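So the sequence shown is numbered by my numbering: it starts at 633 and just counts up by one.
Built from N, CA and C at the ideal position, the CB exists for glycine as well.
It should be emphasised that the depicted structure is a prediction, and the values quoted were computed from it without experimental measurement.
One structure below.
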Amino acid sequence: MAAADTPSPEPGISVSDTRIDLYGGPGNLDLTVAEPTAADAYIRLELSGTGVNHLRITDDAGTVLPIAISPGENPTLTVGEADSDHNGTPGAPLQAGTTHLHVSAEAPISNPIRVSANVLNGSDGSLIAHSGPYANGEIVVSEPAVSATWLAPDGTQIPAGSQPTIATGSTRAATAMVQTQDGLQAAGGTQTRLTLHAGTIAASGYTVEELAAGLHVGYSPNATSYVSKAWTQDPDGSLSMQFPLRHWIANGAGTEFVQVTAAWGLPAGHLPVHVQTIGGDGRPYAESLTVLDLTADSIPADRRAALYGRDSAGVLWQHQATTAASRPGTFDPRTRVGSGWGVYNIITALGPLKSNGTGDVVARDSAGVLWYHRGTGNNKAPFAARTRIGGGWNIYNQILGAGDITGDGHPDLVARDTAGVLWLYRGTGNPTAPLANRNRIVAGWNLYNLLIVAGDITGDGHPDLLARDTAGVLWYYPGTGNPAAPYANRVRIGGGWQGYTSIVGIGDMTGKNHQDLVARDSTGKFWYYRGTGNPNSPYANRTVSGGGMNTYNTIL
């Protein structure tokens, strides 16, 4: 009995996976035939996925193998279809072994490309073998990526896709962790570049100059200490900055940290920032977009004036100008900041009193001794323990801090004696002896029943002085910057000011760099006069600021 014939093994084919780098060399896509074919045959690859048209596939000879793309069908590519044995039938008998194809990408491909293989009969195109679900391959294109993950100023992570909010004027920065995912092949040195494009700057309502000066960026490689970075204006009107060159780690990730603050005065708006990974030769490898949400609805403490009132019990209260830019000329609820101030019969600020607790005051007691209280910078306890300046100050019926009228950087004091002579005490900058000996300014000031520190209402850099006469007319004396003659001739503001029991040149309440004025009438109502910066009309019409201010016997 003859032995049964042993069936020939069936041909089979498998496809390898390959990972390639968008910016690197080609990767190998291996086609392995398990058993030879008796008939002439060739291989057809079927490629499924988005971005197949960006692939470039060659054989060992460097010949580009065309990818056939037909609507509604997966793209295909044939290998060995030529009639290489010249018998008139496409293909040739396939031998067992591996054919190497070489794959590169000419553009980013975000998702893997699935590759299946069919061995087809050259004579009629019938299927001889198929790679099957466990022998298919994938082409994965790796590309560098850069992204920014943001932390709010309070340290909480901002959800992906949300915009970081940066309050102009705040010293609390928004922090970005800039992460770069590198490619498979090291590309040498790269660096991160931030760009504010000229078109988006204009579209967002900003100017190059105000962003270059007001959008502050700090850089750190490790989130420990930050170095301030400056914007560079590019020839096309864009603003850009680049961080230090770093080594590209193959198939790794790099992390850098950025802190962003915005100066008060920048308008509110949405500002797109282009983030790129750039090669040392300027070649862009990766990019992303982040949008900064700049707000200007909360006035920072160092830009807001503070008002102080002393009640009949000698308690000192602080009224901070409101943080809300939408409510100019009003105050936040008062806070108690001290007691024992009833020993003084005059209290005056040497310079601007701010809501951040800065600004010094001097006060005269009933014995005629003048005392100095240094500003602490702590708005809950804004004044330090007093330091004695000296006695003999009972000869004056008006004492007021005048600002830096001498231009030496130290706030000065002016005082009027009972004869109507105005005297200047220059500030020294020495907290133990803050005032120098007096110098006579001029006589004739008894025609006024109130002198008021105004700040620089004319915008020339010199503090000015307000004075109300007995007829209720308010005048201002422009500062000159000349210590020998610190005030120019008076300018009339207007009449009707006799109805106020207190008038205070409070400084800038709104953060707009204009000196404002507040006044209390006989009913205790408080009125706000917005500073205009116009010396011909230094104050706008009054608006109601609040009430109940008759509880105070001194306001400064």
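Span of the beta strand (DSSP E), counted from its first residue to its last, around residue i
i: Ile-760; result: 759-762
i: Asn-977; result: 976-981
i: Ile-1073; result: 1067-1074
i: Leu-898; result: Premise fails: Leu-898 is in no beta strand (DSSP E) and is neither H nor E.
i: Pro-1170; result: Segment: none, Pro-1170 is in no beta strand (DSSP E) and carries neither H nor E.
i: Asn-719; result: From DSSP, Asn-719 is part of no beta strand (DSSP E); its letter is neither H nor E.
i: Thr-922; result: 916-927
i: Tyr-766; result: Note, Tyr-766: premise wrong, no beta strand (DSSP E); not H, not E.
i: Thr-710; result: 708-711
i: Asp-1044; result: 1044-1049
i: Asp-997; result: 993-997
i: Asp-1036; result: Where Asp-1036 is concerned, there is no enclosing beta strand (DSSP E), given that its DSSP letter is neither H nor E.
i: Gly-1126; result: 1123-1126
Backbone secondary structure at residue i - three-state DSSP
i: Gln-813; result: strand
i: Gly-1061; result: coil
i: Arg-935; result: helix
i: Met-1181; result: helix
i: Leu-677; result: strand
i: Ser-863; result: Contrary to the premise, residue 863 reads as Trp rather than Ser in this sequence. It is coil, neither helix nor strand.
i: His-1094; result: coil
i: Ala-636; result: For Ala-636, the predicted structure reports a pLDDT of 47, less than 50, and the residue's modelled location is therefore unreliable. A value from the coordinates is still provided. Coil at Ala-636, not helix or strand.
i: Leu-985; result: coil
i: Ile-1027; result: helix
i: Asn-1145; result: coil
i: Asn-685; result: helix
i: Gly-1131; result: helix
Status (buried if at least 16 other CB within 10 Å, exposed otherwise) for residue i
i: Gly-723; result: buried
i: Asp-814; result: buried
i: Val-923; result: exposed
i: Glu-888; result: buried
i: Val-1176; result: exposed
i: Ala-728; result: exposed
i: Tyr-851; result: buried
i: His-1146; result: buried
i: Gly-869; result: exposed
i: Ile-745; result: buried
i: Ser-1154; result: exposed
i: Pro-876; result: exposed
i: Val-993; result: buried
i: Pro-1110; result: buried
Through-space distance from residue j to residue i, alpha-carbon basis
i: Thr-980; j: Arg-959; result: 27 angstroms
i: Ile-1037; j: Thr-1064; result: 21 angstroms
i: Pro-658; j: Thr-695; result: 13 angstroms
i: Val-647; j: Gly-769; result: 5 angstroms
i: Lys-1144; j: Thr-1019; result: 34 angstroms
i: Ser-736; j: Gly-912; result: 23 angstroms
i: Leu-759; j: Pro-776; result: 40 angstroms
i: Tyr-1132; j: Gly-1179; result: 13 angstroms
i: Thr-803; j: Gly-1076; result: 47 angstroms
i: Asn-750; j: Gly-831; result: 52 angstroms
i: Ile-645; j: Gly-764; result: 9 angstroms
i: Ser-930; j: Gln-952; result: 13 angstroms
i: Gly-1023; j: Arg-1058; result: 17 angstroms
i: Gly-1127; j: Leu-828; result: 51 angstroms
i: Gly-974; j: Val-859; result: 49 angstroms
i: Asp-1096; j: Asn-1121; result: 11 angstroms
i: Ser-1190; j: Tyr-655; result: Absent from the structure is residue 1190, since the part of the chain shown begins at 633 and ends at 1188.
i: Ala-635; j: Val-747; result: Legend: pLDDT at Ala-635 = 45, less than 50; position of this residue unreliable, no value from coordinates given.
i: Pro-899; j: Gly-837; result: 8 angstroms
i: Leu-1056; j: Arg-996; result: 16 angstroms
i: Arg-1162; j: Ala-1017; result: 33 angstroms
i: Gly-1035; j: Ala-956; result: 27 angstroms
i: Pro-668; j: Ser-680; result: 27 angstroms
i: Leu-903; j: Pro-785; result: 18 angstroms
i: Arg-968; j: Ala-1013; result: 9 angstroms
i: Leu-872; j: Ala-895; result: Reading the sequence as shown, one finds Ser at residue 872 and not Leu. Taking the straight line from one Cα to the other gives about 18 angstroms.
i: Asp-653; j: Val-905; result: 27 angstroms
i: Pro-643; j: Ala-666; result: 6 angstroms
i: Ser-1169; j: Gly-1137; result: 15 angstroms
Nonlocal neighbours in the same chain, by C-beta distance under 7 angstroms from residue i, ignoring five residues either side
i: His-732; result: Asn-660, Asp-662, Asp-692
i: Arg-1072; result: Val-1053, Trp-1055
Sequence-distant residues of the same chain with beta carbon closer than 6 angstroms to residue i, five excluded per side
i: Thr-807; result: Leu-783, Gln-891
i: Phe-1015; result: His-1005
i: Pro-1115; result: Thr-1038
Start-to-end residues for the alpha helix (DSSP H) that takes in residue i
i: Glu-841; result: 840-846
i: Thr-832; result: 830-835
Close-in-space but distant-in-sequence residues of the same chain around residue i (CB under 8 angstroms, 5 per side omitted)
i: Ile-910; result: Thr-822, Gln-823, Thr-824, Arg-825, Gln-874, Pro-916, Tyr-917
i: Asn-685; result: Ile-699, Ile-701, Pro-707
i: Gly-972; result: Gly-946
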